[in-house]
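Participant:
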Amino acid sequence: MQNYDQVDLFTDTSLIEDPYSYFEYLRSQGPAVYLPKHNVYAVTGFQDGLPVFSNHEVFSAAIAVNGPIPPLPFTPEGDDISEQLEAVREQLPYAGIIITEDMPQHAKTKSLMMGMITPARLQANHAFMGTLADRLIDEIIDKDSFDAIMDFGQPFATLVIADLLGVPEEDHPKYRILRSNLPGMIGNQGTPHDPLEEIGLYFWGYIEDRRANPRDDVLSRLAQVKYKDGSTPDILEVVKTATFMFGAGQHTTVLLLASALRVLAEDQELQQRLRDDRSLIPAFVEEMLRLNSPVKLEYRLVKKTTEIGGVEIKAGATLLLILSAMNRDPEVFEDPQQVKLDRKNGSDHVAFGRGMHACAGSPLARAEAKIGLERLFDRIANIAIDEEKHGPAGQRKFDYEPTYTLRGLKELHLKITPA
Ligand code: HEM
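According to my numbering, the residues represented by the sequence shown are 987 to 1405, in order.
Okay, here's the thing in structure tokens:
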């Protein structure tokens, strides 16, 4: 057994394959465990973590993307660092995007985003999901094996967001190949140039063009979206918000689909149950979100000294909400390691966070998983693990993305039998 005392969650690749044993070790150490190397307190309990999502007086989202890396550009002083934070906020990585904003700026950006994802747009987007899934299945159906990530999940998740935001279909091939860098990569791997920047440039072009020459299309409506008070946002604000949606919704949804397909490929009985009774798919998706939460960790900066479960939490530290552990808390979820489709509180998990920063794309992600699985079941009679790639049962080998923030497979090769 590993000596977890010495482990560094933010740099140690030994936790990538199995982070859960370490999270259980942290649970055994108390409600809020201090990890001095990065000045972090780790919370694993569901009830201990829940109030953090809504306590904006004490916890700031300013470091929500990468947590304690890089460290703060100042030395925290005293029991309230609010002023120190505001003085450097704009210099922090990912400043100025919705996920790192606190009130009142967050409400302003959120109203912009909600103006972009209208109910009518979501409805049209759902129809597109089925068509897109079929197109992607057409590409794999004659192969005897495919990679559920690069051949299906990745283009599916990316093009669903492209459609949601009104990217014309003739531009879809350009988007399909743009895979943004993953957050929290250990050793900061990833391309030096994030493909999200390219998406930002495309959006800049669309919005500038549609503001000058409005047409009857979704992008023209996006170009005219207003803040709640009726004022028009800078192009940059619209571009940042649209671009962030690609980053936030791409990998997370792919990882959800891949973990669901892996479980179904391993458990043929469960696969058959869902095929026979499609109404069980949503409960299955909730269990996958809970058990294999694509976002392992959430980060908040402690603005004011406080306490959690009797442990003093110092201003200036990072509060680590371990979503994967909260979602496996035995005090809240009975037999937490089991997939139970009849779980009474199955959708109470925090895989999408909670409170004002709760995932804006959760209905989309749930619909993508449901429609994706339904179309795969309709077109493919059987899904199984490709043993040439992953080895025989009992000796499987899977590689995971080396990020401390996300949990998910790098590749998932599946054998298929067309229906
Ligand atoms: C299974 C898929 C997904 C998971 C597990 C997931 C998870 C999360 C989590 C945990 C947060 C909260 C972060 C925080 O509080 O620090 C979040 C925020 C967010 N997500 Fe997702 N997400 C998923 C899919 C999507 C999709 C498809 C989109 C958009 C198209 C999206 C857009 C966003 C946005 C915009 C935020 C920031 C909301 C805010 O700060 O107000 N997500 N997501």
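Glycine included, each C-beta is placed from N, C-alpha and C at the ideal position.
In this text the structure is predicted, and so the values were computed from the model without any measurement.
Identify whether Glu1069 lies in helix, strand or coil by the three-state DSSP scheme.
Facilitator: Reduced to three states, the DSSP call for Glu1069 is helix.
Participant: Would you list, in sequence order, the uninterrupted beta strand (DSSP E) runs of no fewer than 3 residues that lie entirely inside the segment 991 to 1075?
Facilitator: You should have 1018 to 1021 and 1026 to 1029.
Participant: Is the beta carbon of Leu1305 sitting closer than 8 Å to the one on Pro1280?
Facilitator: The answer is no: Cβ separation not under 8 Å.
Participant: Going straight from the alpha carbon of Leu1260 to that of Arg1352, what length do you get?
Facilitator: Rounded to whole angstroms, Leu1260 to Arg1352 spans 16 Å at the Cα level.
Participant: What do you reckon, are the CB atoms on Gly1186 and Val1225 nearer than 8 Å?
Facilitator: Yes.
Participant: By a C-beta neighbour count over all protein chains shown, 10 Å radius and 16 as the cutoff for buried, is Lys1023 buried or exposed?
Facilitator: Lys1023 comes out exposed.
Participant: Applying the criterion that 16 or more other CB atoms from any shown protein chain within 10 Å of the CB defines a buried residue, is Asn1199 buried or exposed?
Facilitator: Exposed: under 16 other Cβ atoms inside 10 Å.
Participant: Within the continuous alpha helix (DSSP H) that includes Glu1373, where are the two ends?
Facilitator: Glu1373 to His1376 is the extent of the alpha helix (DSSP H) around Glu1373.
Participant: When you compare each of Leu1287, Glu1320, Gly1339 and Asp1004 to Asn1331 by their alpha carbons, which one comes out closest?
Facilitator: It is Glu1320.
Participant: Please list, in chain order, all residues of the same chain as Ile1049 whose beta carbon is under 6 Å from its beta carbon, the five residues on each side excluded.
Facilitator: The residues are Tyr1285 and Leu1287.
Participant: Does the segment 1353 to 1366 come into contact with the segment 1119 to 1127, if we say contact requires no fewer than three beta-carbon pairs (one atom in each stretch) closer than 8 Å?
Facilitator: They touch, by the three-pair rule.
Participant: At a cut-off of 7 Å, is Lys1096 close to the ligand HEM when judged by its beta-carbon and the heavy atoms of the ligand?
Facilitator: Within the cutoff, so yes.
Participant: So the beta strand (DSSP E) Tyr1285 belongs to, where does it begin and stop?
Facilitator: It spans Leu1283 to Val1288 - the beta strand (DSSP E) in which Tyr1285 sits, taken as one unbroken run.
Participant: Does DSSP classify Met1171 as helix, strand or coil?
Facilitator: In the structure shown, Met1171 sits in a strand (DSSP, three-state: E or B).
Participant: Let me check understanding here. Comparing Cα to Cα, which of Leu1266, Phe996 and Thr1229 lies closest to Arg1165?
Facilitator: Ranking Leu1266, Phe996 and Thr1229 by Cα distance to Arg1165 puts Thr1229 first.
Participant: Decide if the segment 1244 to 1259 is in contact with the segment 1210 to 1227; the criterion is three or more beta carbon pairs, one per stretch, under 8 Å apart.
Facilitator: Cβ pair count under 8 Å is below three, so no.
Participant: Note down, one range per segment and in chain order, each beta strand (DSSP E) of at least 3 residues found wholly within the segment 1294 to 1372.
Facilitator: For the segment 1294 to 1372, whole beta strand (DSSP E) runs of length 3 or above, ordered along the chain, are 1297 to 1299, 1304 to 1308 and 1366 to 1371.
Participant: Over what stretch of residues does the beta strand (DSSP E) that includes Pro1404 continue unbroken?
Facilitator: Per DSSP, Pro1404 belongs to the beta strand (DSSP E) from His1399 to Pro1404.
Participant: Report yes if the C-beta of Glu1284 is less than 7 Å from at least one heavy atom of the ligand HEM; otherwise report no.
Facilitator: Result yes, Cβ under 7 Å from the ligand HEM.
Participant: Using the rule of at least 16 other Cβ atoms within 10 Å of the residue's Cβ for burial, across every protein chain shown, is Ser1245 buried or exposed?
Facilitator: Buried is the call here.
Participant: Would you check if the distance between the CB atom of Asn1025 and the CB atom of Ala1303 is smaller than 8 Å?
Facilitator: The answer is yes: Cβ separation under 8 Å.
Participant: Can you name, in chain order, every residue of its own chain whose Cβ lies under 7 Å from the Cβ of Asp1133, other than the five neighbours on each side?
Facilitator: Around Asp1133: Glu1397, Leu1398 and His1399.
Participant: So who's on the other strand from Asp1130, going by DSSP bridges?
Facilitator: Per DSSP, none; premise fails for Asp1130.
Participant: Could you tell me whether any non-hydrogen atom of the ligand HEM is closer than 7 Å to the CB of Val1281?
Facilitator: Yes, since a heavy atom of the ligand HEM falls inside the 7 Å radius drawn around the Cβ of Val1281.
Participant: Quick one: give me the first and last residue of the alpha helix (DSSP H) that Ile1084 is part of.
Facilitator: It is not in any alpha helix (DSSP H) - Ile1084 carries neither H nor E in the DSSP assignment.
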